[in-house]
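Participant:
Chains as they are written, first to last, in our numbering: chain P, 1 to 251; chain W, 1 to 323.
1. For residue 205 (chain P), collect the residues of the same chain with a Cβ closer than 8 angstroms to its Cβ; drop the 5 residues on either side in sequence, then sort them by chain order.
2. Is residue 85 (chain P) helix, strand or coil when you go by DSSP?
3. Chain W beta carbons: is any one of them nearer than 8 angstroms to that of residue 93 (chain P)?
4. Looking only at its chain, what residues have a beta carbon closer than 8 angstroms to the beta carbon of residue 81 (chain W), apart from the 5 residues adjacent to it on each side?
5. Tell me the start and end of each unbroken alpha helix (DSSP H) in the stretch 115–199 of chain W that is at least 4 residues and wholly inside, in chain order.
6. Taking 8 angstroms as the threshold (beta carbon to beta carbon), is residue 221 (chain W) in contact with chain P?
7. Using the rule of at least 16 other Cβ atoms within 10 Å of the residue's Cβ for burial, across every protein chain shown, is residue 139 (chain P) buried or exposed?
8. Let's see if you can read the secondary structure: which residues bound the alpha helix (DSSP H) around residue 73 (chain W)?
9. What does DSSP give as the partner residue(s) for residue 6 (chain P) in the beta ladder?
10. From the beta carbon of residue 6 (chain P), is the nearest beta carbon of chain W less than 8 angstroms away?
11. Would you say residue 35 (chain P) and residue 202 (chain P) are within 8 angstroms of each other, going by their C-beta atoms?
12. Could you spell out the range, first to last residue, of the beta strand (DSSP E) harbouring residue 200 (chain P)?
13. Between which two residues does the alpha helix (DSSP H) containing residue 274 (chain W) stretch?
14. CA-CA distance, residue 78 (chain P) and residue 116 (chain P)?
15. Have a look at the DSSP bridge pairing and note the partners of residue 88 (chain W).
16. I'd like the list of long-range same chain contacts for residue 298 (chain W), defined as Cβ closer than 6 angstroms, with 5 residues on each side in sequence excluded.
17. Any beta carbon from chain W within less than 8 angstroms of residue 111 (chain P)'s own beta carbon?
18. Closer than 9 angstroms, Cβ to Cβ, to anything on chain A: give me those residues from the stretch 69–86 of chain P, in chain order.
19. Is residue 192 (chain W) near residue 153 (chain W), with beta carbons less than 8 angstroms apart?
20. Residues in the stretch 28–55 of chain P with C-beta within 7 angstroms of chain W's C-beta atoms, listed in sequence order?
21. Three Cβ pairs or more, each shorter than 8 angstroms: is that satisfied between the stretch 139–151 of chain P and the stretch 84–99 of chain P?
22. Using 8 angstroms as the cut-off, can you tell me whether the stretch 218–225 of chain P makes contact with the stretch 7–24 of chain P, which would need three or more C-beta pairs spanning the two stretches below that distance?
23. To which residues does DSSP link residue 68 (chain P) through a beta bridge?
24. Nearest by alpha-carbon distance to residue 204 (chain W): which of W:119, W:264 and W:231 is it?
25. In angstroms with no decimal places, state the Cα-to-Cα distance between residue 46 (chain W) and residue 27 (chain W).
26. With three or more beta-carbon pairs closer than 8 angstroms as the criterion, would you say the stretch 2–21 of chain P touches the stretch 45–63 of chain P?
27. What do you reckon, are the CB atoms on residue 326 (chain W) and residue 59 (chain W) nearer than 8 angstroms?
28. Using a Cβ-Cβ cut-off of less than 9 angstroms, list which residues of the stretch 231–245 of chain W approach chain P; keep chain order.
29. To the nearest angstrom, how far is it from the Cα of residue 78 (chain W) to the Cα of residue 132 (chain W)?
30. Quick one: which unbroken alpha helix (DSSP H) runs of 4-plus residues sit fully inside the stretch 146–212 of chain P? Chain order, please.
31. Kindly list, in the order they appear in chain W, the residues whose Cβ is closer than 9 angstroms to that of residue 90 (chain P).
32. Counting contacts by CB-CB distance shorter than 8 angstroms, is residue 226 (chain W) in contact with chain P?
33. Thinking residue 198 (chain W) and residue 140 (chain W) are a contact (beta carbons under 8 angstroms), I'd like their distance in whole angstroms, please.
34. So residue 127 (chain W) contacts chain P; which residues on that side make the cut at Cβ distance below 7 angstroms?
35. Consult DSSP for residue 15 (chain P) and reduce its assignment to one of helix, strand or coil.
36. Do the CB positions of residue 103 (chain W) and residue 217 (chain W) come within less than 8 angstroms of each other?
Okay, structure coming up:
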């Protein structure tokens, strides 16, 4: 079943005359982990923001189930955000420094009004436990946490709305190698347990290979190649993919 | 926290001592003597008489002795006696201070009430017509000389249209008014001075607010708030504004000296009997004890403003721990 169908999406940043996403078309099936690789600045994060409408696309369409996300009203979009979530790259910057972890998570319930007052705290504790943190973290500020702990909070926050689809925007690239594996395992585990669908963005082919079913390769706003992980890794067709693979082997 | 405040106060006391040394030297280096008013312009006053007056004021002693004597009195909170009318300096300042503080307080409130919304609006609609219009507007206020604006306003609003009184803080028949009328009368007198004082300060606060808000709006956690599905209103006011107000709080404490300095100009123009005008008069008469008194109180207010800014900074931002 196609969960998301994206058709010829375009975004140009007028100020810099950069075509960040230039005609992206692809589909994501329910329950799969779709990888998106490419060098820094090739438009991966822009694509993620476009899908969630954190920025507006110039043209194209994004069908989530049977709704075109680019055509629905802002208030409908806010409701739809419940099912489409994102885990951001930089856990140091993506949490409001003035809020306690409990507030960060409980705010989600206030917005979507799906949990009553008293239950909020229990839900928040449950979520924190799901991502391997405990009740003690409720009163902590994000500045008191380590990078790995913060990213766990970021994951808990994304899970709070009970989403179907999560964009993981380089969720491990700003973490230590040892923590990277823990967070990746957590993400894989959650995906299997909750039957989530991921769009997993990374520039690290090793990470992509260990978590994704299919992979798309992006270069300057365009997809140059896509296919199952095995095919792409074993038998790359496009020059750019070959270069990427070579550089990954070197490092 | 208590330890931090204590440490800071010790530091500020040392700073204050330095300020008094510098101001004491500067006003004594400046040309003109307090005896000039009584002696210089009157050819009948002999050299001996002049020396007698100088001796009376203790001006014949070496400068450092004079300073130490001043400091000894200051330690007992005694600012000495005015050369002009022989009244205690403390008394002169205390009777002038409330009016100056009232005007400053109102103008700070006005600056905040107008400046913060201007700044937030400009940041949210960055680059729009509103943003550019407000930028020009606040910079006009910033660039316009206070004395010129005061005179123009006095001429149009006070003289030609006769809407508001132009000088002093009370009408001539003030004593005959009832309590309510007294308040109305005083507020009418304060409108122009408060406006003039606030207009110039608008630029600082609103520009700070704008850049601080723009900075916060670019942060990732604002994007997180949007991704959560928060209403734009909540994103702006709950997440962004709270964080963006922090730097503005400190600026507020730092704006105290500017307001005190400005009061010298507009109090003289509007003939408001406040500290600013007292300072102006005492400088003109080289009334050293009064000059020192006003400067020290101004310095204390400034230092307290800084201290309060730091403490309130810690109070509103849980991340800051004062040590």
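All C-beta atoms in this analysis are idealised placements derived from N, C-alpha and C, irrespective of residue type, glycine included.
Facilitator: If we stick to the structure as given:
1. The beta carbon of residue 205 (chain P) sits closer than 8 angstroms to those of 37, 233, 244, 245 and 248, all from its chain and outside the five residues before and after it, given in chain order.
2. strand
3. yes
4. 87, 88, 89 and 289
5. 129–143 and 146–153
6. yes
7. exposed
8. 63–75
9. P:26 and P:62
10. no
11. yes
12. 197–202
13. Segment: none, residue 274 (chain W) is in no alpha helix (DSSP H) and carries neither H nor E.
14. Just so you know, the alpha carbons of residue 78 (chain P) and residue 116 (chain P) end up roughly 19 angstroms apart.
15. W:81
16. 260
17. yes
18. Protein chains in the displayed structure are P and W, and chain A is not among them.
19. yes
20. Taken in chain order, the members of the stretch 28–55 of chain P whose beta-carbon sits within less than 7 angstroms of a beta-carbon on chain W are 52 and 54.
21. yes
22. yes
23. Per DSSP, P:63.
24. From the listed residues W:119, W:264 and W:231, the smallest Cα separation to residue 204 (chain W) is found for W:119.
25. 25 angstroms
26. yes
27. Because residue 326 (chain W) is not part of the residues shown, which for chain W are 1 to 323, the question remains open.
28. Only 231, 232, 234, 238, 239, 242 and 243 from the stretch 231–245 of chain W bring a Cβ to less than 9 angstroms from some Cβ of chain P.
29. Roughly 52 angstroms between the two C-alpha positions.
30. 147–159, 177–194 and 205–211
31. 220
32. yes
33. Incorrect: roughly 14 angstroms between the Cβ atoms, too far for contact.
34. In chain order: nothing, as chain P lies at least about 10 angstroms away.
35. coil
36. no
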